[in-house]
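All remarks here apply to the structure that follows.
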Amino acid sequence: MTKKILSVSNINKYFQVKSKTALFRKPASVRVLNDISFELIEGETLSIVGESGCGKTTLGRCLVRGMDASSGHVYYHTENGEQIDFLELKGKKAKPYRRNVQMIFQDPYSSLSPRMSVFDIIAEPLIANFKLSRAEIEQKVMEIAEKTGLNVNYLQRYPHAFSGGQRQRIAIARALIMHPRLIVCDEAVSALDVSIQAQIINLLKDLQEQLQITYIFISHDLSIVQNISDRVAVMHLGKIVELAATESLFGSPKHPYTEALMSAVPQPDPELNKSRIILQGEMPNPANPPSGCHFHPRCAYKTEKCVREAPELRQVGENHYTACHYGEELNLQGVHDETASVI
Amino acid sequence: MTTQAARTEQPLLSVQDLKIRIETDNGVMQAVDGVDFNIYKGKTLGLVGESGCGKSLTSRSIISINPKECETTGSAVYHSESEKALHNLDLLSLPPTGKRIRSIRGRKIAMIFQEPMTAFSPMYTIGNQIMEAILIHRTKDKKKAKKIALEMLAKVGISDQEKRFDQYPHEFSGGMRQRAMISMALSCNPELLIADEPTTALDVTIQAQVLELMRELQKELGMAILLVTHDLGIIAKMCDEVAVMYLGKIVEQAPVKEIFYNPKHPYTKGLLKSMPRLGGNKSKRLDSIEGAVPMPIGLPPMCGFYDRCKDRIEGVCNTKAVPKTHISDQHSVRCFLYEDQSEGESQ
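As you go down the protein sequences, you meet chains A and B in turn. Take the first sequence: its position 207, counting from 1, is numbered 207 in the UniProt record's numbering, and each next residue is one higher. Take the second sequence: its position 119, counting from 1, is numbered 119 in the UniProt record's numbering, and each next residue is one higher.
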């Protein structure tokens, strides 16, 4: 039974850029999110991948309303089937929905206040949202701390006394204490060492199984994405260029950008790094995007049509969408399971 | 005592028993604790480990650019075939601000840093900064220096060099800046390039470009590279030999294929298994190494990995320091599990 939790439709976000030279010219605007639409099913993990500057963090922030989208709708489906436009709600009215949507940030060194004890950090959302007695708060914090693998004896300490992995557990505990239905993880494991990364990924997976949480997992690391997600959205210059179930996306990508991204990941296996596609050039400037398909200056398969016409996101298979004119015709290289057989 | 008994060729750089101590408020930190390795001409040695294992300090100590709080002992013998004055010279014995080390830094041994934005000065143009090294080490003629600098920029794939030459670092993108840094490092044809996490701040697609560039230039110029990274994927792509560091010690050292297909140390095995790789899927749990790296302050003489190790032997691993064991000519490991495999060879 698939139940929707979020429907995102046609989100746009513009940032204004001040001109450095002309004092009175109207500020130019950069389109950071370009007509983003997708649906989120309860209990799944949707990953959003892309290079830096593609707008993946902005999208995540718009979904939790850390910033407001310029236009578009984010419909939140409540547990009893109501549909509410999350972006229209203001002030106090938004509170009950904010509770259900939490966020975990990339850098556990700057996302935790150094002046609050770990206990206070985890308890703060409870105090802000509910009127609870001290004993109730204490009980809830202990419960969550145990679940996330924190030592309950150390809760009176301050964040500086904890390592990166421990701090990320604190951030997860803070997000979980509201019993959210959706957590947006913005590069939640990127700042951690490999051996700690694996611990946190496993913790996130376990929590999802126990509590049926839905994740939006924003990352630039494709190997992690493949290990954690049910579906993946690939973003390029503010647009979703491919959206598919994880297996289908990695097995047979339908967009040249996805292929190139996968191919660029260095594999921890000396025999495997041979036939790689190396993209020439860099991401185009979003203030002055290229005509037609935004990827065409770097694409190996481009034709004249790509320069003229911008492709729309369209369905090319079961649960597989791509924004490439030639998605079906190109026989793009994926990654196969044999690569995982080493050791 | 050499790590590679089979090789007769003299190493370009031979680091022996390198130790770095740092005085902190909480006690003396033994950040690097007895590191040995050799780097050969035209080869790449990878130094891999988690943050805090001492890999950056090790690489920086070679050209004496660590902060002065670091007390360094041991030796780093440099052997240049092209220059008599540099035959068997112990770099660590030179005063860190003296003339001799400065004549080696940048000319014979160059370095690329992780964050190209902070490594360049924002106050000078890129061209100016590349020329600086050339003017110090290669020629006094400004016109000639500029010509060399422009050639170097072209070599690392920067187009429109004349215009780029007069631009400031903030006008370059991250990937471009890293290319400019490589061109600066290579402008004096160094024999050894130390690259400290050269692509960590870059996107995967740009990372692939930069790594490819480094490999091509290595082939062309025949320099040796010491590559410091935490990413096993980069190690697999770039290195000939790998040294795995943990808590200030090299716990395993072997040719790249040995490390990936025949790892011995429980830590190396754990690292390889905990790394998510393409081709996995959601149902598969990652093997993680439990616990975290301890602080290297006041540790007793025992295996530093003991608390996190699945194969630990109580009463052995936690009672004495772990000696180095040679499994084969080129493969050495610091672990008691393999101690009996090489009679008499270990110290």
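The beta carbon of each residue, even a glycine, is placed where N, CA and C say it ideally should be. This one's a predicted model, so the numbers in the text were calculated from it and none came from an experiment.
As assigned by DSSP and simplified to three states, the class of residue i
i, result
"Asn318 (chain B)", "coil"
"Asp311 (chain B)", "coil"
"Ile278 (chain A)", "coil"
"Glu39 (chain A)", "strand"
"Met142 (chain A)", "helix"
"Glu151 (chain B)", "helix"
"Pro108 (chain A)", "coil"
"Gln333 (chain A)", "coil"
"Val48 (chain B)", "strand"
"Gln10 (chain B)", "coil"
"Glu160 (chain A)", "The sequence shown places His at residue 160 (chain A), not Glu. The answer is helix: DSSP assigns His160 (chain A) an H, G or I state."
"Ile158 (chain B)", "coil"
"Lys19 (chain B)", "strand"
"Glu220 (chain B)", "helix"
"Thr78 (chain A)", "coil"
"Arg25 (chain A)", "coil"
"Gln226 (chain A)", "helix"
"Glu241 (chain B)", "strand"
"Thr118 (chain B)", "helix"
"residue 348 (chain B)", "Nothing about residue 348 (chain B) can be read from this structure; chain B reaches only from 1 to 347."
DSSP beta-bridge partners of residue i
i, result
"Ala195 (chain B)", "B:Ile112, B:Leu227"
"Tyr321 (chain A)", "A:Leu243, A:Gln315"
"Lys13 (chain A)", "A:Leu33"
"Lys4 (chain A)", "A:Ile41"
"Met235 (chain A)", "A:Ile240"
"His73 (chain A)", "A:Ser9"
"Val101 (chain A)", "A:Leu182"
"Asp340 (chain B)", "Answer is none; Asp340 (chain B) lacks a bridge partner."
For residue i, the first and last residue of its enclosing alpha helix (DSSP H)
i, result
"Met262 (chain A)", "256–264"
"residue 348 (chain B)", "Since the displayed chain B opens at 1 and closes at 347, residue 348 (chain B) lies outside it and no answer follows."
"Lys56 (chain A)", "56–63"
"residue 354 (chain B)", "No answer is possible for residue 354 (chain B): it lies beyond the span of chain B, which begins at 1 and ends at 347."
"Met184 (chain B)", "174–186"
"Glu304 (chain A)", "304–308"
"Ser56 (chain B)", "55–62"
"Glu209 (chain A)", "194–211"
"residue 348 (chain B)", "Beyond the ends of chain B as shown, which are 1 and 347, falls residue 348 (chain B); an answer cannot be given."
"Leu126 (chain A)", "118–129"
Nearest to residue i (by Cα), restricted to the options the options
i, options, result
"Gly238 (chain A)", "A:Val101, A:Ala123, A:Phe15", "A:Phe15"
"Thr322 (chain A)", "A:Cys54, A:Lys56, A:Arg276, A:Pro256", "A:Pro256"
"Leu18 (chain B)", "B:Tyr40, B:Lys284, B:Gly54", "B:Gly54"
"Glu81 (chain B)", "B:Ser288, B:Gln10, B:Cys335", "B:Gln10"
"Ser71 (chain A)", "A:Glu42, A:Val32, A:Arg231", "A:Val32"
"Thr214 (chain A)", "A:Gly43, A:Lys13, A:Pro114, A:Ile11", "A:Gly43"
"Asp196 (chain B)", "B:Val204, B:Ala185, B:Asn189", "B:Ala185"
"Leu278 (chain B)", "A:Pro284, A:Met262, A:Glu271", "A:Met262"
"Asn285 (chain A)", "A:Cys299, A:Lys13, A:Val30", "A:Val30"
"Asn262 (chain B)", "B:Ser332, B:Asp33, B:Leu202", "B:Ser332"
"Glu282 (chain A)", "B:Phe260, B:Val77, B:Gln209, B:Leu13", "B:Gln209"
"Ala264 (chain A)", "B:Leu299, B:Leu211, B:Leu271", "B:Leu211"
"Gln207 (chain B)", "A:Val189, A:Lys140, A:Ile277", "A:Ile277"
"Lys146 (chain B)", "B:Val35, B:Ser183, B:Arg177, B:Thr44", "B:Ser183"
"Asp203 (chain B)", "B:Val228, B:Gln218, B:Met176", "B:Met176"
"Pro95 (chain B)", "B:Ile112, B:Glu71, B:His87, B:Gln114", "B:Glu71"
"Ile8 (chain A)", "A:Leu59, A:Thr2, A:Tyr75, A:Lys26", "Checking the sequence shown, residue 8 (chain A) turns out to be Val, not Ile. Looking at the Cα atoms, A:Tyr75 is the closest of the given residues."
"Gly61 (chain A)", "A:Pro96, A:Cys185, A:Asn288, A:Gly164", "Note that residue 61 (chain A) is Arg in the sequence shown, not Gly. Of the listed residues, the one whose Cα sits closest to Arg61 (chain A) is A:Cys185."
For residue i, the first and last residue of its enclosing beta strand (DSSP E)
i, result
"Ala254 (chain B)", "249–255"
"Phe217 (chain A)", "214–219"
"Met29 (chain B)", "27–39"
"Gln83 (chain A)", "83–85"
"Glu71 (chain B)", "70–78"
"Gly270 (chain B)", "First-last for Gly270 (chain B): 266–274, but that is the alpha helix (DSSP H), not the beta strand (DSSP E)."
Closer than 8 Å is the cut-off here; do at least three beta carbon pairs connect the stretch 105–114 of chain B with the stretch 146–162 of chain B?
Fewer than three beta-carbon pairs drawn from the stretch 105–114 of chain B and the stretch 146–162 of chain B are found closer than 8 Å, and the two stretches are therefore not classed as touching.
Taking contact to mean 3 or more Cβ pairs, one atom from each stretch, closer than 8 Å, check whether the stretch 53–68 of chain B and the stretch 87–106 of chain B are in contact.
Short answer: they touch.
Would you check if there are 3 or more beta carbon pairs closer than 8 Å linking the stretch 224–234 of chain A to the stretch 243–250 of chain A?
yes
Check whether the stretch 71–89 of chain B and the stretch 120–131 of chain B touch, using three or more Cβ-Cβ pairs below 8 Å as the test.
no
Given 8 Å as the limit, is there contact between the stretch 252–259 of chain B and the stretch 326–343 of chain B, that is, 3 or more CB pairs closer than that?
yes
Count the C-beta pairs between the stretch 166–176 of chain A and the stretch 43–52 of chain A that are closer than 8 Å, then say yes if the count reaches three, no if not.
no
Do three or more CB pairs link the stretch 234–247 of chain B to the stretch 193–203 of chain A at distances below 8 Å?
With a cut-off of 8 Å, the stretch 193–203 of chain A and the stretch 234–247 of chain B do not count as touching, because too few Cβ pairs lie within range.
Mind the definition here: the stretch 133–150 of chain B touches the stretch 176–194 of chain B only if three or more C-beta pairs lie below 8 Å; say whether that holds.
yes
Would the stretch 132–150 of chain A and the stretch 99–107 of chain A be scored as touching if the rule is three or more Cβ pairs under 8 Å?
Fewer than three beta-carbon pairs drawn from the stretch 132–150 of chain A and the stretch 99–107 of chain A are found closer than 8 Å, and the two stretches are therefore not classed as touching.
Three or more C-beta pairs closer than 8 Å, one from the stretch 178–189 of chain A and one from the stretch 131–141 of chain A: is that the case here?
no
Can we say the stretch 221–231 of chain B touches the stretch 34–42 of chain B, given the rule of at least three CB pairs closer than 8 Å?
The stretch 221–231 of chain B vs the stretch 34–42 of chain B: in contact.
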